[in-house]
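Participant: UniProt numbering puts the first residue of the sequence shown at 1, with every later residue one more than the last.
For glycine and all other residues, C-beta sits at the position ideal for the given N, C-alpha and C.
As the structure is a computational prediction, the values presented were derived from the model and not from experiment.
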Amino acid sequence: MTSTPAPEAATDPALIAAVEFARAAAREQAGTEVGAHVEVRAEDSASATHLFEADKTGYRGWRWAVTVAVSAPDTDVTVSEVVLLPGPDALVAPPWVPWQDRVRAGDLGVGDLLPTAPDDPRLVPAYLESDDPEVEELAMEVGLGRVRVLSRFGRLDAADRWQTGEFGPGSDMARGAPAACGTCGFYLPVAGAVGAAFGVCGNELAPADGRAVHAGYGCGAHSEAEVEQISPVLVADLIYDDAQLDVEATPLPEPVEGGRSDDSLATEADGPASVAAEADEPAADEPQSAVVAETEPDEVIEAAADQAEDALVQAELADEPSGQPESDQRG
Numbered sequence: 001m002t003s004t005p006a007p008e009a010a011t012d013p014a015l016i017a018a019v020e021f022a023r024a025a026a027r028e029q030a031g032t033e034v035g036a037h038v039e040v041r042a043e044d045s046a047s048a049t050h051l052f053e054a055d056k057t058g059y060r061g062w063r064w065a066v067t068v069a070v071s072a073p074d075t076d077v078t079v080s081e082v083v084l085l086p087g088p089d090a091l092v093a094p095p096w097v098p099w100q101d102r103v104r105a106g107d108l109g110v111g112d113l114l115p116t117a118p119d120d121p122r123l124v125p126a127y128l129e130s131d132d133p134e135v136e137e138l139a140m141e142v143g144l145g146r147v148r149v150l151s152r153f154g155r156l157d158a159a160d161r162w163q164t165g166e167f168g169p170g171s172d173m174a175r176g177a178p179a180a181c182g183t184c185g186f187y188l189p190v191a192g193a194v195g196a197a198f199g200v201c202g203n204e205l206a207p208a209d210g211r212a213v214h215a216g217y218g219c220g221a222h223s224e225a226e227v228e229q230i231s232p233v234l235v236a237d238l239i240y241d242d243a244q245l246d247v248e249a250t251p252l253p254e255p256v257e258g259g260r261s262d263d264s265l266a267t268e269a270d271g272p273a274s275v276a277a278e279a280d281e282p283a284a285d286e287p288q289s290a291v292v293a294e295t296e297p298d299e300v301i302e303a304a305a306d307q308a309e310d311a312l313v314q315a316e317l318a319d320e321p322s323g324q325p326e327s328d329q330r331g
């Protein structure tokens, strides 16, 4: 059989309405440092707390809390307490930390001493049995080795801290590395129980040089990282050979209809010489020269050839005897 808790009774309405009564109680203690009413909180059926802003220098966000109560229904409201409490936006001191937990990594400076507690769980006497092979070798050398060595808890704590730290396999540098430290030539494995997972980086150009790194960590300075060597000179896909020249014959241009051919231009270029030659020819040839000059540009060569042929025939006829007496020829 289980019991059912009784529902909580509602807060007395007189407590909710006692705003000015609570303000007067706060001013009696804080004077003019009491500000506007913020809210009221029901504590139970017979008590409630009124909150007022605190206009107190150096206490930004703090509130005056006035708790009022009644002894029974329909009785007078009384003041239980008036205190100054921080609000949600109040400026407060950081949480208290025990003295033994206040030292953090990096706090130890030059000349500082950090004693270790005798019962530190991370350390055990060197003569105790351990799962570390090196510790076992020293077990029989009581007084010759270290006084205390890392316990199993201490090794696991260090391994967990290194694995989740800056040089662990989950860091941003490791995720962007071409390979892991376990395959790098600069990786120096440590001895002992953690040697299978941790080592020391020996690359002076790496960000973890001289630091304990996880075997799964990696960086761009891996010994086997390869980068394709690209020539600084841009090489085009098509290369032109300027040492060998190819000669191609170009056909003569066709005469342009209604225009002027290259031959006519050459004839005009030799114009002064042709005029001088025509001046030395007989007068009988002048009409033919005029005819040649008036012909079309395409008929110049043909007319000149006919003229030369006629001159040759006339010269042959002049050299042949006519067969008539000289007197007849003179007559």
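Less than 8 angstroms between C-beta atoms, sequence neighbours within five positions excluded: which residues of the same chain meet that for R23?
Facilitator: Here the set comprises V34, H37, H50, F52, V66.
Participant: Mapping DSSP to helix, strand and coil, what is F21?
Facilitator: Three-state DSSP puts F21 in a helix.
Participant: Could you tell me which residues DSSP pairs with L85 in its beta bridges?
Facilitator: Note: L85 sits in a beta bridge opposite R63.
Participant: Cβ of G87 within 8 angstroms of Cβ of G61?
Facilitator: Yes, these two residues count as a Cβ contact at 8 angstroms.
Participant: What number of angstroms, rounded off, separates the C-alpha of A72 from the C-alpha of A46?
Facilitator: The straight-line gap from Cα to Cα measures roughly 7 angstroms.
Participant: For the beta strand (DSSP E) that contains G35, what are its first and last residues?
Facilitator: Note, G35: beta strand (DSSP E), 34 to 44.
Participant: Would F153 be called buried (16 or more neighbouring beta carbons within 10 Å of its own) or exposed?
Facilitator: Exposed.
Participant: Would you kindly report the start and end of the unbroken alpha helix (DSSP H) that includes L15?
Facilitator: Element bounds for L15: 13 to 16.
Participant: Under 7 angstroms Cβ to Cβ from R63, same chain only, skipping five residues before and after it: list those, please.
Facilitator: Excluding positions up to five away in sequence, the list reads V38, L51, F52, E53, A54, L85, G87.
Participant: Give, in chain order, every unbroken run of the alpha helix (DSSP H) that is at least 4 residues long and sits entirely within the region 148 to 212.
Facilitator: For the region 148 to 212, whole alpha helix (DSSP H) runs of length 4 or above, ordered along the chain, are 152 to 163, 172 to 175.
Participant: What does the alpha-carbon distance come out to for the pair D44 and A30?
Facilitator: Approximately 26 angstroms between the Cα atoms of the pair.
Participant: Quick one: Cα of D76 to Cα of A18, how far?
Facilitator: Cα-Cα distance, rounded: 11 angstroms.
Participant: Rank N203, R211, P13, V103 by C-alpha distance to the C-alpha of F167 and give the top, closest one.
Facilitator: The residue with the shortest Cα to Cα distance from F167 is R211.
Participant: On the three-state DSSP scale, how would you describe A30?
Facilitator: If DSSP states are grouped into helix, strand and coil, A30 belongs with the helices.
Participant: Look at A206 and R155 and say whether their C-beta atoms are less than 8 angstroms apart.
Facilitator: Contact: no.
Participant: Use the C-beta contact count for L150: other C-beta atoms within 10 angstroms, 16 or more gives buried, fewer gives exposed.
Facilitator: The residue is buried, with at least 16 neighbouring Cβ atoms inside 10 Å.
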